[in-house]
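Engineer: I have a structure here, written as structure tokens, and I will follow up with some questions on it.
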Amino acid sequence: MQDSVKKFLLFILVCSSLALSAQPILFDSKMSIDSDSLRFTFNLYNIPSGSKIVLSLKSGNDNSMVYKDINKDIITEQNRTITIPLQDIDEYRFYLSSNDLLYSEMVYVPAGRYNFERKEKLVEQISLNAFYISKYEVSNEQFKQFIMADGYDSENKWLIDKGLMKDPNIGWFYQGLKRITKPLQWNYNKEPWYIDASLNRPSDPVTGVTWFEINAFCNTMNVSLPSNSQIEMLFPTSIANPIQKEVSSRTRDIISGVSEWTLTGTPPASSSCGGCNEMICLQNSEEIESQYPIEKFKCPLYRNSSLGFRYVINK
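With this note's numbering, letter number 111 in the sequence shown gets 109, and the count goes up by one each step, no holes.
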């Protein structure tokens, strides 16, 4: 009897722990036009109380943000709607504001076998578990929220998972040694801080960040960088299967010229210099005519004004 009680309590503890670690997810947004309004629908999952929807509207060079409290816009348990007056917009983006952090809109990728085309024109199939991936690269405004949440001042946020590098504290060491306190081109003496960046609108991709910085960002958000295969499957090729093509059409800016860091790198036993392991970023240049992303191994301290990232939530 006591063993049964212990097992039951352990089960409750595990379930509680999973519930606490589950991440809020906003996905499947759609826009339609009524007679005098714009209607946005979207799905939500595991949303903490007090969360807010952030709707970012782009019209020409303008980029304004409209905040809506989701608790006032619930239609059903899983479907939500926001209606605003009819207006001309070039683009819209949804974010979820929760616990003073901005979460991206996500795209669901079902488990399956996906086709990859290699440089030698060989076709390879790789099995992937189901996951959500951010629809856009992480934005300037999202990274600003990470900084305001003491992202550069909390050592535990800079820890590196086992299997990536020998020393889990190597990122924190270099953060102090190199005095890394903000992305490349950012200036704390100006508003907004990213006004001097090459991409300087709130919803533009944050760039000029080292792999260590984005690892700390993902730790803060309790999400993960995508593996090489997870992000590579978003690039459409002639041999992509229907699911790949559909998912690729729903992700944005994947071929905008912004290259992206991944979670994949060299094995920990082969650290290249100073205890670091080189990590893969997928070079994604419009100037290079190819149907596949180009893999580049870079030192995790590497920064570039056209190198950003997105994140995943694994199921």
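Glycine included, each C-beta is placed from N, C-alpha and C at the ideal position.
Do you know how far the Cα of ASP34 is from the Cα of LYS142?
Structural biologist: Walking along the sequence shown from the start, residue 142 turns up at place 144. Walking along the sequence shown from the start, residue 34 turns up at place 36. LYS142 and ASP34: Cα-Cα distance of roughly 35 Å.
Engineer: Taking three-plus beta-carbon pairs below 8 Å as touching, is the stretch 189 to 207 in contact with the stretch 300 to 308?
Structural biologist: Because the criterion of three Cβ pairs below 8 Å is met, the stretch 189 to 207 and the stretch 300 to 308 touch.
Engineer: Identify whether SER19 lies in helix, strand or coil by the three-state DSSP scheme.
Structural biologist: Walking along the sequence shown from the start, residue 19 turns up at place 21. Only weak support is given to the placement of SER19: the predicted model assigns it a pLDDT of 46, under 50, and the question is left unresolved by the model.
Engineer: For the alpha helix (DSSP H) that contains SER225, what are its first and last residues?
Structural biologist: Numbered from its first residue, the sequence shown carries residue 225 at position 227. SER225 -> no alpha helix (DSSP H), and no H or E assigned at all.
Engineer: Expressed to the nearest angstrom, what Euclidean distance is found between the alpha-carbon atoms of SER19 and TYR65?
Structural biologist: Position 21 of the sequence shown, counted from the start, is the residue given in the question as residue 19. Position 67 of the sequence shown, counted from the start, is the residue given in the question as residue 65. Reliability of the predicted coordinates at SER19 is poor, the pLDDT of 46 falling under 50, and the value obtained from them is presented with this limitation in mind. Whole-angstrom Cα-Cα distance: 26 Å.
Engineer: With ARG91 and SER54 assumed to form a contact (beta carbons below 8 Å), what rounded beta-carbon distance in angstroms separates them?
Structural biologist: Translated into positions along the sequence shown, residue 91 becomes position 93. Translated into positions along the sequence shown, residue 54 becomes position 56. Between SER54 and ARG91 the Cβ distance is about 4 Å, and since that is below 8 Å, they are a contact.
Engineer: Is the number of C-beta pairs between the stretch 257 to 274 and the stretch 232 to 248 that are closer than 8 Å three or more?
Structural biologist: The stretch 257 to 274 vs the stretch 232 to 248: no contact.
Engineer: Where do the ends of the beta strand (DSSP E) carrying GLU115 lie?
Structural biologist: One-based indexing of the sequence shown puts residue 115 at position 117. That run of the beta strand (DSSP E) goes 110 to 115.
Engineer: So the beta strand (DSSP E) ILE51 belongs to, where does it begin and stop?
Structural biologist: The sequence position of residue 51 within the sequence shown is 53, counting from 1. 50 to 57 is the span of the beta strand (DSSP E), which, as asked, contains ILE51.
Engineer: For the stretch 132 to 141 against the stretch 100 to 115, do three or more pairs of beta-carbon atoms, one drawn from each stretch, fall closer than 8 Å, so that the two count as touching?
Structural biologist: Touching, yes, given that three or more Cβ pairs across the two stretches are closer than 8 Å.
Engineer: State the Cα-Cα distance for the pair SER196 and ASP88, rounded to the nearest angstrom.
Structural biologist: For the purposes of this step, residue 196 is identified with residue 198 of the sequence shown, where counting begins at 1. For the purposes of this step, residue 88 is identified with residue 90 of the sequence shown, where counting begins at 1. The straight-line gap from Cα to Cα measures roughly 20 Å.
Engineer: For a quick check, are the C-beta atoms of SER227 and ILE124 less than 9 Å apart?
Structural biologist: Taking the first residue of the sequence shown as 1, we reach residue 227 at position 229. Taking the first residue of the sequence shown as 1, we reach residue 124 at position 126. Yes, these two residues count as a Cβ contact at 9 Å.
Engineer: Which residues bound the beta strand (DSSP E) around GLY272?
Structural biologist: The count along the sequence shown starts at 1 and reaches residue 272 at position 274. First-last for GLY272: undefined, no H or E at that position.
Engineer: Of the residues TYR172, ASP67, ALA147, which one's Cα is nearest the Cα of PRO298?
Structural biologist: Position 300 of the sequence shown, counting from 1, holds the residue named residue 298. Ranking TYR172, ASP67, ALA147 by Cα distance to PRO298 puts TYR172 first.
Engineer: What is the DSSP secondary structure of THR262, counted as helix, strand or coil?
Structural biologist: Position 264 of the sequence shown, counted from the start, is the residue given in the question as residue 262. Correct three-state label for THR262: strand.
Engineer: Go to ASN312, then tell me how far its beta strand (DSSP E) extends in each direction, as first and last residue.
Structural biologist: Stepping through the sequence shown from its first residue, residue 312 is reached at position 314. Counting along the chain, the beta strand (DSSP E) containing ASN312 begins and ends at 310 to 312.
Engineer: Considering only the alpha carbon of each residue, which of LEU120, ASN217, ASN302 lies closest to ALA147?
Structural biologist: Taking the first residue of the sequence shown as position 1, residue 147 is located at position 149. For ALA147, the nearest C-alpha among the options comes from ASN217.
Engineer: Can you give me the C-alpha to C-alpha distance between GLU276 and PRO190, rounded to a whole angstrom?
Structural biologist: For the purposes of this step, residue 276 is taken as the residue at position 278 of the sequence shown. For the purposes of this step, residue 190 is taken as the residue at position 192 of the sequence shown. Computed Cα separation, rounded: 32 Å.
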